[in-house]
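A.B. asks: The structure is given below, and queries will be raised subsequently.
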Amino acid sequence: MTLYFLCLVLFCIGLYGVLRKRNIVKIIIGIGIIEYSMNLFFVLLGYKLHGRAPIDAQNQDILNMVDPIPQALVLTSIVIGLGITALLISIAIRIYDKYGTFDITKIKRLKG
Amino acid sequence: MSNPIFITYFVIIPLFAAFFISLAGKYIKRLYVDAISSVFCFLLLVFSLYGVNVLHKLGGVLVYKIGGWVPPFGICMVLDGLSSFMLVTVNLVAFFICVYSVSYMEKYTDKPKFFTLFFLMLAGMNGLVVTGDLFNLFVFLEIASIASYALVAFGTEAEELEASFKYAIMGTVASSFIFIGIAFLYGFTSTLNMADMARVLTTKTNTLLLPFTAVLFLMGFGLKAALVPFHAWLPDAHPSAPASISAMLSGVLIKTLGVYAMIRIFFNILGITNIYLSAMMFLGGLSLITAVILALSQWDLKRLLAYHSISQIGYIFLGIGLGTPLGILGGLLHLFNHSVFKSLLFLNSGAIDYAINTRDLKEMSGLKEKMPVTANTNLIASMSIAGIPPFNGFFSKFIIILACIQKGFMGYALVAVIGSLLTLSSFMKVQKYAFLGELKEKYKNIKEVPMAMKVSMVGLALICIFGGFMLLPSLKFFLNSAVNVLLEGRGYAQVVLEAAAK
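Heads up: the sequence lines are chains Z and H, in that order. All residue numbers for the first sequence refer to the numbering used here, where the first residue is -15 and numbers rise by one. All residue numbers for the second sequence refer to the numbering used here, where the first residue is 384 and numbers rise by one.
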C-alpha cells in the first residue's frame, strides 16, 4: 500500500513540475516524472511478494510467478515516452532559436 | 466473401504508405509522391465503403484475430457498425484533404515528410477505430497524437512551435490519465480485451472502482476532444497548423481520439449510467454555449473556426449524452456532418491564405469577385454549420433539439437553439467581411486557387448539400447500425466473443 502511495506522490511531483515551473526544460522533466510514476504503478500491479519471473524451465514447479503482461505493456509505454520526450526536446530547441529564452512567461505571441 | 482479413488493411495501408514515402520521397519526382498518396487514400476510402457493404449483408460484426489467438488472448480487430461509420468519416475526409494538399503544400519545402506524418496520423486513427484491445487503443492514440504534435509545428515558425509545445504538453498529460485508467481497469478485471473486459465487469458485484476510472477517462478523452474546461490548447493548435492539417485535426482527429474512444469505453465497457450521461450532457451544453460566445469576438478566421469546433463538439456530446436512440442518432449524424463542413471551412480559409496571404478578416474584402469557387463553397459550409434547412447541419441539429424536447430537457434545447443562432451570426460576419463588399485595390491581381484545391472543396460542398439524404429509409441502416452498437451497451461483449469464437 505504501508503494502505491509513493507512486501517487511521484505523480503529483511531476504534475507540480508541469503546472508550476516556468522553464520549458523543467516542464519536460516533469512530463518524464509523470511517465515514470505511471509505469511504476503499472508494474506494481502485476508484482507479487517473493514472486519469480514467469519463465518455463525444465524440472521446476512454477508456483509464485509475477504477472508478465504489465511488464510487456510498460516496455511499450517507455518507448512511447521516449518518442514524446525526443519530440518535446526538439521543439524546445527550435523555440530557443526563435525566442532566445526558455521562460514560458516570455513566450506568448498567441493570444485569445 | 466476408473474410475479415481486410480489416487489417486499414492499418497496413497507411503505415506502408508513410514509410514508403519517407524512404522513396527523396529519389522520385514530386508528381509521383502526390499520385501515390492520393491512390492510397482512395484505396482506404474504397475499403471502408466495402466494410459497410459487408456488414450490411452479414448483419453482425466481423472479428479478425491477429495470429489466430482467440480472444481473450491476443489482440483482435473488430469491425462493427460504429467502427465502420467512423472509418467512412475518417477516410472520406482524409481523401479530400489529401487531394487538396497536393497543391496547397507546394509552398512548404518538404512535401514527402508532410505525407509521411499525415499517413502516420491516419494509421493511428484507423487503428484506434478498428482495434478491440484496450492497450492497443492507447498505442494507436499515441501514434496519432505524436504525429499531430509534429504536424502542428510543421511550419517551424515561432507561433507554430509555441502552439505545438502547448498542445504536446497537455496531450501528454491527458494520455497519462488515460494510461492510469487502463491500468486500473486491467488490475480490476485482469484482461485487456475490450469485449472480455465488459464480460468480466458484468460478473463483478463490487463496482466502486468504476466511477473513479470513468473520471480518469473523462479527463483524458475530454482533453483530447477539447470539451470546455479542457479546451485551452485547441484555439492555439488548430489555427497554427497548415490549413489541410487544421482541417484534419478539427474534422476527424478530435472526434476519433476524443468522442469515439470515450463513447466506446463508456457505453460498451463501463456500462452507461445516468450519472455519466448527465456529466456528458452538462459538459456538452457548457462547451457549446461558452465556445460560441468566445468565437464571436475573433478576427482571425482560423481561430474563429477553431472555437466553433469546440462548440460543435458540444452538440455531439449533448446528443449522445441524452442516451435515447433519437439523441444518439442526432449526435452521430452531427459528428459526420461536422467533420465534412468544418474540414471544408478550414480548406476555404487555406485557399484565402494561399491567394492573399492573410488570415485577418479585417484585411479581406470582396473576394467573391475573384474567387468564386471558394466563396460559394464557403457559403454552403457556413449555412450548413449554422443549420439552415436544406443543408446537412440542419437535420442533425434539428434531431438533437427534438431529442432534448422529447426527453423533457427544455433548458438544453434552449441552449442548443441559442448556440445555433450565435453560430449563424458569427458566420454572417465571415461572409460580410471576407467575401462581400468592395474588392481592395491591392487584391486586383489575385487568382482563384489551383485545380486540385477546387476539386476537393467542391467535393466536400456536394456532400454538405446531400448529407441529409443519409436519413432516407434506404440509407438509414448506415447510421442505425452505429446507433445500435451504442444502445446494446455491455451486450457488445457477447456479440464480439461469439463472432470471435466462430
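Beta carbons are placed, not taken as given, at the ideal position from N, Cα and C, and that holds for glycine. Note that the coordinates shown come from a computational prediction; the quantities given were computed from them, not determined experimentally.
Which chain H residues are close to F26(Z), counting only those with a beta carbon under 7 Å from its beta carbon?
C.D. replies: A566
A.B. asks: Residues in the same chain with beta-carbon distance under 7 Å from Y371(H), minus the five sequence neighbours each way, listed in chain order, please.
C.D. replies: Outside the modelled stretch of chain H, which goes from 384 to 885, sits residue 371(H), for which no answer is possible.
A.B. asks: Going along chain H in order, which residues have a C-beta closer than 9 Å to the C-beta of R4(Z)?
C.D. replies: Those do not exist, as R4(Z) stays about 13 Å from chain H at its closest Cβ, beyond 9 Å.
A.B. asks: Quick one: what's got a C-beta closer than 8 Å to F595(H)'s C-beta in the same chain, skipping five residues either side?
C.D. replies: F567
A.B. asks: Between which residues of its own chain and L727(H) is the CB-CB distance below 7 Å, once the five residues before and five after are set aside?
C.D. replies: Within its own chain, the residues whose Cβ lies closer than 7 Å to the Cβ of L727(H), once the five positions on either side in sequence are excluded, are T760, A764, M840, L843, A844, C847, listed in chain order.
A.B. asks: Taking the alpha helix (DSSP H) that K494(H) belongs to, which residues open and close that run?
C.D. replies: It spans 494 to 513 - the alpha helix (DSSP H) in which K494(H) sits, taken as one unbroken run.
A.B. asks: Along the segment 73 to 95 of chain Z, where does the CB come closer than 8 Å to a CB of chain H? Name the residues.
C.D. replies: Against chain H - using a Cβ distance shorter than 8 Å - the residues of the segment 73 to 95 of chain Z are I75, A76, R78, I79, K82, Y83, I91, K92, R93, L94.
A.B. asks: Give me the chain H residues within the contact set of L71(Z), using Cβ-Cβ distance strictly less than 8 Å, ordered along the chain.
C.D. replies: I529, Y532, A533, A551
A.B. asks: For a test of the three-state rule: what should DSSP assign to D463(H), helix, strand or coil?
C.D. replies: When secondary structure is reduced to three states using DSSP, D463(H) falls in the coil class, being assigned neither helix nor strand.
A.B. asks: Compare the C-alpha of P387(H) against each of C787(H), V461(H), P454(H) and name the closest.
C.D. replies: V461(H)
A.B. asks: Determine the DSSP secondary structure at M747(H), reduced to helix, strand or coil.
C.D. replies: coil
A.B. asks: What residue range does the beta strand (DSSP E) around K607(H) cover?
C.D. replies: Run containing K607(H): none in the beta strand (DSSP E); it sits in the alpha helix (DSSP H), 592 to 608.
A.B. asks: Within 7 Å of any Cβ in chain Z, is that where the Cβ of I711(H) sits?
C.D. replies: no
A.B. asks: At the level of alpha carbons, what is the spacing between S623(H) and K490(H)?
C.D. replies: 15 Å
A.B. asks: On a CA-only basis, which of K494(H), L870(H), A796(H), I529(H) is nearest G554(H)? Give me that one, please.
C.D. replies: I529(H)
A.B. asks: In whole angstroms, what separates the C-alpha of K448(H) from that of V868(H)?
C.D. replies: 20 Å
A.B. asks: What residues from chain Z crowd round E542(H), counting only those whose CB sits closer than 7 Å?
C.D. replies: R93, L94
A.B. asks: Step through the CB atoms of chain H and report whether any lies within less than 7 Å of the CB of M22(Z).
C.D. replies: yes
A.B. asks: Have a look at I390(H) and K859(H) and give me their C-alpha separation to the nearest angstrom.
C.D. replies: 23 Å
A.B. asks: For C(-9)(Z), count the other beta carbons within 10 Å of its own beta carbon; 16 or more makes it buried, fewer makes it exposed. Which is it?
C.D. replies: buried
A.B. asks: Using a Cβ distance threshold of 8 Å, determine whether the segment 543 to 562 of chain H contacts the segment 518 to 528 of chain H, with at least three qualifying pairs required.
C.D. replies: yes
A.B. asks: Once you ignore the five residues that flank D87(Z) on each side, which residues in its own chain have a CB closer than 7 Å to its CB?
C.D. replies: R6, N7
A.B. asks: Report, in whole angstroms, the separation of the C-beta atoms of L428(H) and F502(H), which I expect to be a contact under 8 Å.
C.D. replies: No, L428(H) and F502(H) are not in contact; Cβ-Cβ is about 14 Å, not under 8 Å.
A.B. asks: In terms of alpha-carbon separation, which member of K92(Z), K90(Z), D81(Z), I12(Z) lies closest to T539(H)?
C.D. replies: D81(Z)
A.B. asks: Please compile the residues from chain Z whose C-beta is within a distance smaller than 7 Å of the C-beta of G348(H).
C.D. replies: There is no way to answer for residue 348(H), as the model of chain H reaches only from 384 to 885.
A.B. asks: Which bits of chain Z does I676(H) rub up against, with CB to CB less than 7 Å?
C.D. replies: Ordered by position in chain Z, no residue passes the 7 Å Cβ test against I676(H), which lies about 13 Å from the chain.
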